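What follows is a short report on a single structure.
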Amino acid sequence: MTIHDFKQARPFRPILTLMMIAGICYAQDAKQIVQRAEDAIKGKTSSHSVMDMTIVTPDYTRTMKMESWSIGDEKALVNVLSPAREAGNRTLKLGNDIWMYLRNTETTIRIPPSMMLQSWNGSDYTYDDMVRGETLADDYDITIVGSEKIDNVECWKLQLIPKPNAPVVWGKIIYWARKEDNLPAQAEYFDEKGNLVRTMIMSDFKVMGGRMIPTVWTMYNSDRTHSTEIKMDEAAFDKKIPSSIFSLKELEK
Amino acid sequence: MLLVQIAWRSLLRNRRRSFLVIAAIAFATSLTMIKMNVDNGTIFEAIKDAARLSTGFIQIQKPGYINNPALQKDFVFSEELKRLTGMNSLITGVSPRIEADGLLSYKDHSMGVMIMGISPASEESITDFQNRVSAGRYLSERTSEHNGAPEIVVGYRLLQNLKAKVGDSIVVLCQGFDGVLSNMFVKIVGAFRTGSEEFDRMGAFMNIVDLQPFLSMDDHVTAIAIAVGKMDDVPKVSSQLDSTLKSLGLVAVPWQELMPQMDQTLKFKQSGDFVFMIILLIVVGCGILNAVLMSVTERFREYGVVLSLGMRQEKLVTTVAIETFFMIVIGILIGNLVGVGISYYVSVHPIVIGGNLEEIYRQYGFNVPIITSYVSMATSILASSTVLIISFGSTFYPLWRVLRLEPLKGIRYT
Chain X
0 MTIHDFKQAR PFRPILTLMM IAGICYAQDA KQIVQRAEDA IKGKTSSHSV MDMTIVTPDY
60 TRTMKMESWS IGDEKALVNV LSPAREAGNR TLKLGNDIWM YLRNTETTIR IPPSMMLQSW
120 NGSDYTYDDM VRGETLADDY DITIVGSEKI DNVECWKLQL IPKPNAPVVW GKIIYWARKE
180 DNLPAQAEYF DEKGNLVRTM IMSDFKVMGG RMIPTVWTMY NSDRTHSTEI KMDEAAFDKK
240 IPSSIFSLKE LEK
Chain F
0 MLLVQIAWRS LLRNRRRSFL VIAAIAFATS LTMIKMNVDN GTIFEAIKDA ARLSTGFIQI
60 QKPGYINNPA LQKDFVFSEE LKRLTGMNSL ITGVSPRIEA DGLLSYKDHS MGVMIMGISP
120 ASEESITDFQ NRVSAGRYLS ERTSEHNGAP EIVVGYRLLQ NLKAKVGDSI VVLCQGFDGV
180 LSNMFVKIVG AFRTGSEEFD RMGAFMNIVD LQPFLSMDDH VTAIAIAVGK MDDVPKVSSQ
240 LDSTLKSLGL VAVPWQELMP QMDQTLKFKQ SGDFVFMIIL LIVVGCGILN AVLMSVTERF
300 REYGVVLSLG MRQEKLVTTV AIETFFMIVI GILIGNLVGV GISYYVSVHP IVIGGNLEEI
360 YRQYGFNVPI ITSYVSMATS ILASSTVLII SFGSTFYPLW RVLRLEPLKG IRYT
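Protein chains in written order, with numbering that gives the first Met the number 0: chain X, 0 to 252; chain F, 0 to 413.
Pasting the structure below:
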């Protein structure tokens with residue numbers, strides 16, 4: 000491009016600038032959608048819920064009933080209520096560490112870093128999923144790529160690409176958030192090579208704990224041979240939880 | 000026939016010359032053969048060591064287990080399987096196994112572990128784990144009626160990393176057959192040192208009868224390890240088992256697939272051996288060429304006289320060719336005798352490398368490296384035919400020289 004061309008292009012500059020600003024606003028919007036979606040299901044300060052986790056594999060299907068408490072992103076405790084063989088097993092998350100309390104042998108095990116990518120209680124979730132502190136809205140560049148209907152509800156389709164140097168594990172996330180209330184409806188997680196690794200589908204949107212939330216979360220592996228469904232039975236948000244329950248001492252009680 | 004007679008006579012006439020050529024060929028044959036036998040012997044020894052250290056030569060498994068070893072790819076070590084493997088006379092050992100991933104925890108330390116559930120008595124015919132115990136003792140023989148706490152033998156590095164001692168009770172945590180997370184106390188009765196870094200850091204043994212109820216597996220197993228007497232029998236036994244196993248929904252997996260790394264290492268070594276063999280063959284080829292050429296050129300004067308007396312050139316060449324052929328055959332025969340003899344001696348009395356290093360090797364859990372050989376008909380035939388081809392190749396140039404020989408030049412210039 001010569002200087003002459005530049006001069007020629009000049010009249011278009013305001014338009015270009017306008018388009019750029021519009022683009023930023025648009026991006027801001029997209030970020031807000033994801034932020035709202037994530038906030039809606041997390042609870043600002045704390046959450047308490049009772050849920051059924053159903054694990055489906057080609058070899059077996061089993062359901063566990065669990066109760067969980069959490070404060071922010073830092074602390075969480077999960078207590079298994081049934082089946083009887085596993086009842087009383089607890090998982091405690093404190094920051095980046097996870098401890099398992101095993102009722103049968105009355106021992107507490109700190110999950111070693113080498114085991115973090117292993118399955119948690121046989122589910123499609125890993126220990127790492129529980130401690131990873133990634134926030135979608137901050138760690139990813141988010142753009143709206145379209146709108147699609149999921150389960151007959153109009154959704155924004157968003158593309159999340161990790162920001163350079165963001166401490167994330169995914170290469171790309173495609174995220175569907177409902178237009179009406181910005182609740183998450185579906186997410187597809189891809190690795191760096193662009194292969195689909197797993198899919199999360201949110202359904203059964205209900206008012207629970209004073210707010211509208213998806214009450215069934217189903218995680219599928221890439222070829223959908225495995226799945227883990229988490230169904231909320233009860234949920235309460237932003238209620239006071241004594242932070243003393245998140246301690247190793249309490250864990251072994 | 001006359002030509003054969005002449006050839007034979009000229010062979011006997013200058014015995015030292017004939018002896019040199021024959022010696023060159025015999026040397027080439029025996030060297031090639033010994034090299035092949037020692038290569039094979041070392042490779043077989045390495046495979047045997049590796050198989051005796053982990054997988055055994057053959058395993059019966061569910062199809063797909065090899066790529067995705069899940070507890071759910073299980074089967075019963077049924078009477079039918081016992082009969083099938085027991086009947087086969089080439090099979091020297093059969094032992095059931097369960098392999099499970101889990102976690103060991105002692106006080107503040109927990110480590111991922113690969114637990115191998117074995118049957119201590121029958122396992123001795125497959126592996127020599129019992130000889131690798133570096134502290135404490137090996138698993139005791141137990142029956143399914145439980146007596147005492149379940150026992151575990153762990154890798155010595157694992158024991159260090161757990162900061163535990165022999166005699167301590169530790170917690171083992173595994174996801175069972177039905178997905179349930181089970182945990183129980185086991186007693187460390189010993190530690191082993193195999194020399195495999197990974198296994199010493201991650202491996203542990205338990206009695207299969209303790210592991211089965213713990214993983215809710217009843218009497219099921221994930222593999223049956225099989226030992227055979229001779230390496231060569233592996234493909235034969237595999238194929239013999241395969242047809243019956245197929246009807247049971249099982250497969251026989253040979254060591255190449257059980258230990259793909261080993262297989263690759265060996266293939267790499269074999270290609271190195273092959274290059275070395277080519278170099279060796281070039282050297283012995285030059286030796287033979289030199290000897291034959293010498294024995295022909297030194298007789299140019301003689302040939303010149305015969306030619307000028309009216310002998311036809313082709314007949315002369317034929318005589319020389321027959322003579323060389325005799326020497327090649329005799330050389331190869333002697334080479335075979337010497338080669339097989341030395342190979343056999345080495346196979347019976349392997350050469351131990353290291354001498355004083357032996358103690359250190361044992362301490363680190365390695366087998367003492369030895370040079371041994373494996374005598375087989377195949378290598379004899381291969382070595383002989385290779386030397387035969389090379390010898391014929393080396394004879395062409397001398398024969399061509401004889402064919403082009405002019406009587407007067409022969410007489411005058413030699």
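Even for Gly, the Cβ is constructed at its ideal location relative to N, Cα and C.
As the structure is a prediction and not an experimental result, all values here were calculated from the model.
| Asked | Found |
| --- | --- |
| Sequence-distant residues of its chain with Cβ nearer than 6 Å to Asn-181/X (five each side left out) | Ile-32, Arg-35, Ala-36 |
| Touch test, the segment 103-112 of chain F against the segment 233-247 of chain F, Cβ-Cβ under 8 Å, three pairs minimum | no |
| Beta-carbon proximity of Met-218/X to Met-199/X, cut-off 7 Å | yes |
| Proximal residues, the segment 177-205 of chain F versus chain X, C-beta separation under 9 Å | Asp-177, Gly-178, Val-179, Leu-180, Ser-181, Asn-182, Met-183, Phe-184 |
| CA-to-CA distance, Asp-73/F to Asn-160/F, given in whole angstroms | 31 Å |
| Rounded separation between Met-32/F and Ile-329/F - CA only | 16 Å |
| Through-space distance from Thr-125/X to Asp-177/F, alpha-carbon basis | 18 Å |
| Under 7 Å between C-beta atoms of Leu-398/F and Tyr-302/F | no |
| Residue range of the unbroken alpha helix (DSSP H) whose run includes Ser-124/F | First-last for Ser-124/F: undefined, no H or E at that position. |
| Alpha-carbon to alpha-carbon, Phe-325/F and Leu-288/F | 15 Å |
| Glu-251/X vs Thr-107/X beta-carbon contact at 7 Å | yes |
| Buried versus exposed, by CB contacts within 10 Å (16 or more), Tyr-343/F | exposed |
| Test: Thr-106/X CB closer than 7 Å to a CB of chain F | yes |
| Limits of the alpha helix (DSSP H) - the one that Phe-324/F falls within | 312-347 |
| Alpha-carbon spacing of Leu-158/F relative to Ala-190/F, whole angstroms | 7 Å |
| For Phe-176/F, the first and last residue of its enclosing alpha helix (DSSP H) | That residue, Phe-176/F, is in no alpha helix (DSSP H); it is neither H nor E in DSSP. |
| Neighbouring residues, chain F, relative to Arg-84/X (Cβ below 8 Å) | Val-179, Ser-181 |
| CB-CB length for Lys-171/X against Gly-193/X, believed under 8 Å | 7 Å |
| Classification of Thr-44/X by the beta-carbon crowding that lies within 10 angstroms, buried from 16 upward | exposed |
| Beta-carbon proximity list for Asp-190/X, same chain, < 6 Å, skipping 5 on both sides | Gly-170, Val-196 |
| Boundaries of the beta strand (DSSP E) in which Trp-98/X is found, first to last residue | 96-101 |
| Short CB-CB distance (under 7 Å) between Glu-121/X and chain F | The question names Glu, but residue 121/X in the sequence shown is Gly. Gly-121/X counts as touching chain F. |
| Residue environment, Ala-222/F, which counts as buried when at least 16 other CB atoms sit within 10 Å | buried |
| Delimiting residues of the alpha helix (DSSP H) encompassing Thr-28/F | 14-52 |
| Inter-residue spacing [alpha-carbon to alpha-carbon] between Asp-140/X and Thr-104/X | 46 Å |
| Cutoff 7 Å: Asn-103/X Cβ touching any chain F Cβ | yes |
| Alpha-carbon to alpha-carbon, Ile-143/X and Ala-8/X | Note on Ala-8/X: pLDDT 47, under 50, position unreliable in the model; no value is reported. |
| Span of the beta strand (DSSP E), counted from its first residue to its last, around Ser-393/F | Element bounds for Ser-393/F: not the beta strand (DSSP E) but the alpha helix (DSSP H), 376-402. |
| is_contact[Tyr-59/X, chain F] using C-beta, thresh 7 Å | yes |
| Those residues which DSSP pairs with His-225/X across a bridge | None; His-225/X has no bridge partner. |
| CA-to-CA distance, Thr-317/F to Val-304/F, given in whole angstroms | 17 Å |
| Residues, ordered as in the chain, of the segment 107-121 of chain F that lie near chain X by beta-carbon distance below 9 Å | Asp-107, His-108, Ser-109, Met-110, Gly-111 |
| Rounded C-alpha distance that separates Gly-392/F from Thr-323/F | 12 Å |
| Limits of the unbroken alpha helix (DSSP H) element including Gln-269/F | 259-296 |
| Contact set for Ile-389/F: own chain, Cβ-Cβ below 8 Å, skip 5 residues either direction | Ala-27, Leu-280, Val-283, Gly-284, Ile-287 |
| Counterpart residues of Tyr-137/F in DSSP-defined beta bridges | Answer by DSSP bridge pairing: none, since Tyr-137/F is not bridged. |
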